[in-house]
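Worksheet: the structure to be examined is printed underneath.
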Amino acid sequence: MGLNFKELIVKQEISLKDLQGRILAVDSMNLLYQFLTTIRSPDGSVLTDAQGRVTSHLIGLFSRTTALMEQNIKLALVFDGKAPEIKRKTWEKRTAVKQEASLQLKQAQEA
Numbered sequence: 009m010g011l012n013f014k015e016l017i018v019k020q021e022i023s024l025k026d027l028q029g030r031i032l033a034v035d036s037m038n039l040l041y042q043f044l045t046t047i048r049s050p051d052g053s054v055l056t057d058a059q060g061r062v063t064s065h066l067i068g069l070f071s072r073t074t075a076l077m078e079q080n081i082k083l084a085l086v087f088d089g090k091a092p093e094i095k096r097k098t099w100e101k102r103t104a105v106k107q108e109a110s111l112q113l114k115q116a117q118e119a
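Note that the numbering used here numbers the sequence shown so that position 77 is 85, with each residue one more than the last.
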């Protein structure tokens, strides 16, 4: 979430083929956030069901999981509870950016 882990983790690029037959543990919060911010309808709004409940994250999760399963990769979703205090500033910045973008979108749609 915007934290620098370069001193702790050595970057190594791999292919999906390298993960075949393995279990891949994924930070669920980051994964769901990615889907909520990128999977949109043609007008830019989030996907919803007939009752208006957001479903973008479910579509993304289903698509990603099935794609990995087709590659013989199992997905383990990790839910780690409340974020540490160190992530608060990054979260606050993202919230502010999102609010500003929503305001600009609304203004553009009204123009």
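Built from N, CA and C at the ideal position, the CB exists for glycine as well.
Quantities reported herein were computed from a predicted structural model and do not represent experimental measurements.
DSSP-derived helix/strand/coil call for residue i
i: Arg-72; result: helix
i: Asp-26; result: helix
i: Val-86; result: strand
i: Arg-61; result: coil
i: Ala-119; result: coil
i: Val-18; result: coil
Nearest candidate by alpha-carbon position, reference residue i, set the options
i: Ala-33; options: Leu-85, Leu-111, Gln-117; result: Leu-85
i: Met-37; options: Lys-14, Gly-29, Gly-68; result: Gly-68
i: Lys-106; options: Val-18, Leu-16, Phe-70, Leu-44; result: Leu-44
i: Lys-25; options: Ser-64, Glu-78, Gln-112; result: Glu-78
Neighbourhood of residue i by C-beta, 8 angstroms cutoff - its chain only, sequence neighbours within 5 removed
i: Ala-109; result: none
i: Leu-55; result: Ile-47, Arg-48, Ser-49, Val-62, Thr-63, Ser-64, Ile-67
i: Leu-113; result: Gly-52
DSSP beta-bridge partners of residue i
i: Leu-111; result: Answer by DSSP bridge pairing: none, since Leu-111 is not bridged.
i: Leu-40; result: According to DSSP, Leu-40 bridges with nothing at all.
i: Asp-35; result: Val-86
Chain-order list of residues whose beta-carbon lies under 6 angstroms from that of residue i (same chain, five-residue window excluded)
i: Thr-73; result: Leu-83
Chain-order list of residues whose beta-carbon lies under 7 angstroms from that of residue i (same chain, five-residue window excluded)
i: Gln-115; result: none
Residue i versus residue j: straight-line alpha-carbon distance, rounded
i: Phe-13; j: Glu-118; result: 42 angstroms
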